[in-house]
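Each remark here refers to the structure printed beneath this line.
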Amino acid sequence: MQKGLLQKLVAHYKEYSKEEKLFIFFMMMCSFAITAEAAITRSIATSFFIDVYSAKLFPYAWIASLPLNFAVVAFYNRFIPRFGSGIIMGLVLGFTIIFNLFCVHYLKQIYSLPFFLYLWKDIFVIFMFHKLWSVINSTITISRAKYIYGLFYGFGGLGSIVGNMVPSFFAVSYGTEKLLYVTLPFYVITFIGYILSLQMREKFSTSEKLSMKVENGNFSYGVKLIMNSKLLKFILLLVVGMQVSSTIMEYQFSVYLKQAFVGLDIRTEFMGRLFSVVSTVNVFLQFVGSFILVRMIGLKGTHAMIPSMLLMYAVLFFCFPAFGLICAGFGMIKSLDYSIFGIVKEMLYIPLSVEEKFKAKSVIDVFAYRSSKGLASLIILGLSSVFANNIISLLTISLLIIFVVWVYAVVSMKEEFAVIDQQKSAVSK
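Heads up: the sequence shown begins at 4 in the working numbering, then just goes up one per residue.
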């Protein structure tokens, strides 16, 4: 059976043209570079934030990210029809390079700078993946997605492993802030790979044209597209559910982490090693796990499995709260978010129009994705103000409610999943 499956995969990849193979290669290169950079910056920004402000200020940072998220999405939706994906990508990468170089020299001197680095690293990585997947979803057909999407995420997982090795082995010896120098080559690789992938996709006879109406370039138009589509509203609910629960678990993890590790560099080193393990699990799920799951239990079954697993974890942590268990749970939700969840979520975008894939997707995957942290912050701060002594347990109860609602939402989307399956069958014939 395994041999037959492998032969089928090899035969499938032989069907691709030279340009299609190059497009896939360049997009995998971008995915690798983006996650490598994100792994380095995440450990640096998080460790500095905890050291300067403590974990208790995380909710305020997540609320403060709301206007930044809005500004980035408004800028993107306004100018993407005018300048195109390549120029927008270059502008964002250029700004980030300058900002990182500034942070290397002044993170310890300017009190507010670690705060802004933490905000920007969050919005930047999700914006990069939005740029990547908007193009991929407009290029890869539904019938090919189950074979290819795991590869894009898989090479991203490899990049995360490489990136996490940097703080794991060099944070103590070289200093946390100096590791930002290592991110610079990854920005260059991302830009080159993205531009070359756009050039390759122009040669496909089946590729959608990435043209959009200039007059529909505001933020509200993206919201309107979501309100007019039940599938987009469902994707929005999935994203908000995942990010609110992930943020709550990140807060719980940060509280335990601060108690377990006092020193800045030692804490950075531990985070690098923890996320190295997470990245290794990601790679397996991305290359193998996602394909097997979609093949065995289908797209809807895979969507239902994710909150079901998290629900079981929340019950266990509520009964036995401990640092080791929160590390495992936080690692699990990050592994699912960056692998199986991301893959099956992106597959839902494929049947949509180009404007929905770019403008509505930017509202969901950039603004709502990161703004969900603001919603999680309101939950954390609200519970903390009333029940300060039992905050961890009450947050776990909040997680239980979120996961139950999430499972119900997936179960209720019968018609939409049936339409996607019909389109996949029609394309594959």
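Glycine included, each C-beta is placed from N, C-alpha and C at the ideal position.
Own chain, CB closer than 8 Å to residue i, minus 5 neighbours either side, in chain order
{"i": "K236", "result": "I229, M230"}
{"i": "Y19", "result": "I27"}
{"i": "A58", "result": "Y254, S257, V258, L260, K261"}
{"i": "I238", "result": "K348, L351, Y352, I367"}
Separation of residue j from residue i, as counted between CA atoms
{"i": "L161", "j": "F323", "result": "33 Å"}
{"i": "G377", "j": "I346", "result": "25 Å"}
{"i": "I90", "j": "N392", "result": "50 Å"}
{"i": "N167", "j": "D268", "result": "14 Å"}
{"i": "K181", "j": "I195", "result": "25 Å"}
{"i": "R298", "j": "V413", "result": "18 Å"}
{"i": "G301", "j": "F333", "result": "26 Å"}
{"i": "L397", "j": "G385", "result": "11 Å"}
{"i": "T250", "j": "F256", "result": "10 Å"}
{"i": "L402", "j": "A317", "result": "7 Å"}
{"i": "L94", "j": "L104", "result": "16 Å"}
{"i": "S279", "j": "S34", "result": "17 Å"}
{"i": "A42", "j": "F102", "result": "17 Å"}
{"i": "A77", "j": "A363", "result": "12 Å"}
{"i": "I164", "j": "T283", "result": "7 Å"}
{"i": "V185", "j": "M131", "result": "18 Å"}
{"i": "L355", "j": "Q202", "result": "23 Å"}
{"i": "L296", "j": "F406", "result": "20 Å"}
{"i": "V191", "j": "I404", "result": "43 Å"}
{"i": "Y177", "j": "I400", "result": "41 Å"}
{"i": "N80", "j": "I198", "result": "20 Å"}
{"i": "E359", "j": "I353", "result": "10 Å"}
{"i": "F320", "j": "M312", "result": "13 Å"}
{"i": "M31", "j": "V258", "result": "35 Å"}
{"i": "V389", "j": "I383", "result": "10 Å"}
{"i": "F420", "j": "K348", "result": "12 Å"}
{"i": "S50", "j": "M92", "result": "28 Å"}
{"i": "Y150", "j": "A263", "result": "42 Å"}
{"i": "K417", "j": "K233", "result": "12 Å"}
{"i": "A48", "j": "I126", "result": "13 Å"}
{"i": "K17", "j": "F82", "result": "38 Å"}
{"i": "N240", "j": "S248", "result": "For the record, residue 240 in the displayed sequence is Leu; it is not Asn. In a straight line, the C-alpha of L240 is about 12 Å away from that of S248."}
{"i": "G266", "j": "E40", "result": "23 Å"}
{"i": "Y114", "j": "G327", "result": "32 Å"}
Buried versus exposed call for residue i [16 or more other C-beta atoms within 10 Å across all chains shown]
{"i": "A371", "result": "buried"}
{"i": "H133", "result": "buried"}
{"i": "I367", "result": "buried"}
{"i": "P310", "result": "buried"}
{"i": "K21", "result": "exposed"}
{"i": "P188", "result": "exposed"}
{"i": "S415", "result": "exposed"}
{"i": "A36", "result": "buried"}
{"i": "F98", "result": "exposed"}
{"i": "Q246", "result": "buried"}
{"i": "G225", "result": "buried"}
{"i": "A174", "result": "buried"}
{"i": "K124", "result": "buried"}
{"i": "I329", "result": "buried"}
{"i": "M2", "result": "Residue 2 lies beyond the residue range present for the chain, which begins at 4 and ends at 432; the question has no answer from this structure."}
Top-ranked residue by Cα proximity to residue i, from the options
{"i": "V243", "options": "F73, W409, T49", "result": "W409"}
{"i": "G159", "options": "W136, K364, S380", "result": "W136"}
{"i": "F339", "options": "L355, L351, A307", "result": "Note that residue 339 is Leu in the sequence shown here, rather than Phe. Among L355, L351, A307, the Cα nearest to that of L339 belongs to A307."}
{"i": "F119", "options": "F326, V55, G327", "result": "V55"}
{"i": "G157", "options": "L381, K348, S342, I394", "result": "S342"}
{"i": "V281", "options": "F264, L234, I336, K303", "result": "I336"}
{"i": "I100", "options": "E205, G87, T44", "result": "T44"}
{"i": "K227", "options": "S365, Y150, E205", "result": "S365"}
{"i": "F222", "options": "F361, F326, I151, I113", "result": "F361"}
{"i": "E205", "options": "A331, A263, T179, V138", "result": "V138"}
{"i": "T38", "options": "K303, Y114, N285", "result": "N285"}
{"i": "Y411", "options": "Y114, K303, F287", "result": "K303"}
Cutoff 7 Å; reference residue i; Cβ partners in own chain excluding five residues on either side
{"i": "G153", "result": "Q289, F290, S293, F294, I346"}
{"i": "L122", "result": "A64, A67, S68, L71"}
{"i": "F344", "result": "M245, I309"}
{"i": "S171", "result": "E272, G275, R276, S279"}
{"i": "A148", "result": "M350, I353"}
{"i": "Y109", "result": "L116"}
CB-CB length for residue i against residue j, believed under 8 Å
{"i": "T271", "j": "S46", "result": "5 Å"}
{"i": "S374", "j": "N72", "result": "5 Å"}
{"i": "I394", "j": "S387", "result": "5 Å"}
{"i": "P84", "j": "S380", "result": "About 33 Å separates the two Cβ atoms, so there is no contact after all."}
{"i": "T433", "j": "L96", "result": "Summary: the structure shown does not reach residue 433, with the chain confined to residues 4 through 432, and so no result is reported for it."}
{"i": "V369", "j": "V75", "result": "6 Å"}
{"i": "L183", "j": "V128", "result": "About 14 Å; that fails the 8 Å criterion."}
{"i": "F29", "j": "S200", "result": "4 Å"}
Beta carbon proximity, residue i to chain C, threshold 8 Å
{"i": "M168", "result": "Included in the structure is just one protein chain, with no chain C present."}
Cβ-based neighbour list, residue i, same chain, cut-off 6 Å, excluding 5 preceding and 5 following
{"i": "F52", "result": "P117, Y121"}
{"i": "L25", "result": "M203"}
The ligand ATP heavy atom lying under 7 Å from the CB of residue i
{"i": "I329", "result": "This structure lacks the ligand ATP, and indeed carries no ligand of any kind."}
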